[in-house]
Structures are given as C-alpha cells and as structure tokens.
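For the sequence shown, position 56 (counting from the first letter as 1) is numbered 56 according to UniProt numbering, and the numbering increases by one without interruption.
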Amino acid sequence: MSQRTALPASDVDLLDNPAWAALTGPHAHLAERVGRAARYPVDVSPFTALADPADPRAWQDLAALAGPPGSTTPVTATDTAPAGWEVLQSGRGTQLVATALRTEPAPEAVELGPADVPEILDLVTRTRPGPFLPRTVALGRYLGLRHDGRLVAMAGERLRLPGWTEISAVCTDPDHRGRGHATRLVRAVAHGIEQRGDTPFLHTAADNTRAIRLYESLGFTLRRHTAFLLVRTPVGPTTAGPATAGPATDGGRER
C-alpha cells in the first residue's frame, strides 16, 4: 500500500496536451502521424492531437491526416479551429491528478485482455464511461471484477505519457453499484501505475459532479479544465482566423 501526498517532479506541463505527449512518447508505436498531427487507429481510441493547436501548420497536417476534404475528425486540447474548418461539436472536461491517493492491489481483480473485449463492450454500452473500442485494451492494463463469472466492474489505463498514466473506463454494472468496486479498481490500477514510477491522472466530463466528488475523496486534485472539438476539414481555400465554436457537449461520461 502506498500514498502519494504531493505533485511529482515529472513534467506537469505534458498534461496540458496529454494525447500529443502520449502519441509521440510511450504510445508512438500506435500512432498514425502526419508531421505535427497524430492520432490513434480508429479501433483503438478517438484521440487526435496537434503538437501546438495555435500553429496553422499543425492544422494543415491534421487535414492531411484526416483524409479527403470535408472529412470529420476530433481534436483535443483546443476550443477553437482556424477559418475554413467547420466546428461540429465542442466539449468540456476536467483533469484531475493523484496527489493524496492511497493505492493498493486488488487480489480479487482479474486482468482483462482481447478475449474479454465482447464482455467489456457490453458493460461499456450499459454504463457509458466514455469511448471504448475493440482494441482499446492495447493502450494499457485493464482490471475487472466478476460476480458469478460475469464482468460487473472495470477500470484501466488509457493515455500514457512520460511520467504519467491516465486511469480510464471506470464503470460498474448498475446492479452492483454501492459496493466500492470503483474505488478498489481505481486504487488497484493506480498501484500498478505507481509501481513503474508514473503518476496517475484522469479525466471526467465537466458536469459529472458525482465522479469528480468521488475522485477528490480518493485523493485526486482538480488540475485544469479541458476542451475538445469535432471538426470538418476545409473543402476549399481558407483564410486566417478562428472558427466559431460548435454546440457544446459534456465531453463524454468518463467516470
């Protein structure tokens, strides 16, 4: 059992653009990249990132990465897009970092892998913790709890960047809530993260106050608010200047 009581010496600034830091760092082997734009394969994660969202060249690279003119793509760590890009949707979230989290293994938890994906997707469909795709398990270690052989709760690792690993896909079957499953799994996943020298962090929707309160009670501290867009690439010549933000969403129901 261990307890973290302060922010680590790792480069905290990487958390300002964590998807880019992951795609050009520990997850580079998964990345599809064109210059200053990178993304995960579509069956792994929807995360798409720019080296610097303020750099017009990064948006040009994103257009090439996204495909033919008029293609749609998500993009993280920004709430504006250049002129010529259509903003279809905007989302807000929160980022929390482990500062006083007590971590410990969960001997009753089982490791989940590719063979468990059908059960995982069924649980995710019923609980809506956020995006989870057929190969999301390639991102890191996932743990689950079973009752009578049936998967009833899970949590795992998503973005991994130098010194940091994100906890994600925290969810519990509605019939098995109120039993501390989420707490045990978060602490167990965080224990594995700390064992390799990383610090846990996570994201949740900005309006998911229930999840935010839970994570703060476990020892996470709100670090910053986050933004993402769903955009359509230009279909013709563009000029400089930001686009108008699209309709807002809650940024997913990450718990």
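A virtual CB, placed ideally from N, CA and C, is assigned to each residue, including glycine. Being a predicted model, the structure only gives us computed values, none of them experimental.
Closest in alpha carbon position to Arg210, among Arg196, Gly178 and Leu50, is Gly178.
Per DSSP, Val42 lies in no alpha helix (DSSP H) segment and is marked neither H nor E. Secondary structure of Val235 (DSSP, three-state): coil. When C-alpha distances from Ser217 are compared across Gly70, Leu96 and Ala58, the shortest belongs to Leu96. In the three-state scheme derived from DSSP, where H, G and I count as helix and E and B as strand, His27 is classed as coil. Beta-bridge annotation (DSSP): Val75 is paired with Leu229. The bridge partners DSSP lists for Tyr142 are Leu112 and Gly156. The residue from His191, His176 and Gly93 with its alpha-carbon nearest to that of Asp148 is His176. In this structure, the CA atom of Glu166 is about 17 Å from the CA atom of Leu133.
Taking C-beta atoms under 8 Å as the contact rule, Arg187 and Glu111 fail to qualify, at a distance of about 16 Å. Between the region 75-94 and the region 199-215 there are three or more inter-stretch CB-CB distances shorter than 8 Å, so the stretches are counted as touching. Cβ neighbours of Arg160 within its own chain (closer than 8 Å, five residues either side excluded): Ala22, Gly25, Pro26, His27, Leu139, Gly140, Glu166 and Asp198. Closest by C-alpha distance to Arg57, out of Pro114, Val12, Gly70 and Ala37, is Ala37. Annotated as proximal: Leu229 and Pro74, with beta-carbon spacing under 8 Å. The continuous alpha helix (DSSP H) containing Gly192 extends over residues His181 to Gln195. When DSSP reads this structure, Gln89 sits in a beta bridge with Leu230.
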